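Chemist:
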Amino acid sequence: MPFSVKDTGAINARGELIFGGRRAAWINKGGFKISTLRLELLLKAVPGVEDAAVLPVHEECRGDGAAAFLVAAREASPAEIRRAVRRSLLPVEVPDRIVFLPALPLNDRGKVDRHQLERALEQARGHEKRKMQNGLTRAGEAHIIKPSTQATSDAKDMAAEDTSYREEHDG
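Residue numbers (our numbering): 358 to 528.
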């Protein structure tokens, strides 16, 4: 029986394999296809963002969207980063949810722990819902979440420096 992790990719004119990510890492937002891997790279390039991870989010009434988990530099405020994100991305690429974390949670293999991010998103939604009920915030506003247990790492994602995907798909 063949096994697959459902990776996508293409071979360019030079015979190089361009990794496109896993099918589950693509967002279909109103017919516009967004790669979570590409969106992470773009967010890491935003001034004030030290690290970023993106998860696809499906909501019954709103359809597919993106949740971004950002680690802000000490000198950057969440409001400054939100403005920079809006300026740096196409309107359709701007994440529906932005959650600020002190560090991205990592699993025992050093990869971003997507399950912990899902729990942080649920925590942010609960926080947002309580604030909305009290009239203190609007839907989709960013929040600072401090999970009780957080894996940290000094290792940075080397993919942020790889421009081959952008060269093949953006130009």
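Every residue gets a Cβ at the ideal spot worked out from N, C-alpha and C, and that includes glycine. Here the structure is a predicted model, which is why all the values come from computation and not from measurement.
#1: Considering Cα atoms alone, identify which of Leu-458, Glu-450, Ala-460 is closest to Leu-394.
#2: Can you check whether the CB of Asp-408 is closer than 8 Å to the CB of Leu-461?
#3: Taking 8 Å as the cut-off, does the region 463 to 471 touch the region 430 to 450 (at least 3 CB pairs, one atom from each stretch)?
#4: In three-state terms, what does DSSP make of Lys-390?
#5: Tell whether a beta-carbon distance below 8 Å holds between Val-428 and Pro-459.
#6: Go through the region 376 to 456 residue by residue and report every complete run of the beta strand (DSSP E) that reaches 3 residues or more, in order.
#7: Tell me the DSSP secondary structure of Gly-467 in three-state form.
#8: Whole-angstrom Cβ separation of Ala-425 and Pro-452, contact assumed at under 8 Å?
#9: So, for Val-403: in the same chain, excluding its five sequence neighbours on each side, which residues have a beta-carbon less than 7 Å away from its beta-carbon?
#10: Just to confirm the assignment, what range does the beta strand (DSSP E) spanning Gly-366 have?
Modeler: To lay it out plainly:
#1: In the sequence shown, residue 394 corresponds to position 37, counting from 1. If we check each option's Cα against that of Leu-394, Glu-450 comes out closest.
#2: For the purposes of this step, residue 461 is identified with residue 104 of the sequence shown, where counting begins at 1. For the purposes of this step, residue 408 is identified with residue 51 of the sequence shown, where counting begins at 1. Against a cut-off of 8 Å, the Cβ pair of Asp-408 and Leu-461 comes out as a contact.
#3: Two segments are said to touch when three or more pairs of C-beta atoms, one from each, lie closer than 8 Å; by this definition the region 430 to 450 does not touch the region 463 to 471.
#4: In the sequence shown, residue 390 corresponds to position 33, counting from 1. In the structure shown, Lys-390 sits in a strand (DSSP, three-state: E or B).
#5: By 1-based counting over the sequence shown, the position of residue 428 is 71. By 1-based counting over the sequence shown, the position of residue 459 is 102. Going by C-beta atoms, Val-428 is nearer than 8 Å to Pro-459.
#6: 383 to 386, 389 to 392, 406 to 416, 420 to 429
#7: Here the question's residue 467 lines up with position 110 in the sequence shown. Gly-467 falls in the coil class under three-state DSSP.
#8: For the purposes of this step, residue 425 is identified with residue 68 of the sequence shown, where counting begins at 1. For the purposes of this step, residue 452 is identified with residue 95 of the sequence shown, where counting begins at 1. Indeed, because the Cβ distance is near 4 Å, the residues count as touching under 8 Å.
#9: Working through the sequence shown from its first residue, we reach residue 403 at position 46. These residues qualify, in order along the chain: Ile-438, Ala-441, Val-442, Ser-445.
#10: Residue numbering aside, residue 366 sits at position 9 when the sequence shown is read from its first letter. First-last of the beta strand (DSSP E) with Gly-366: 364 to 368.
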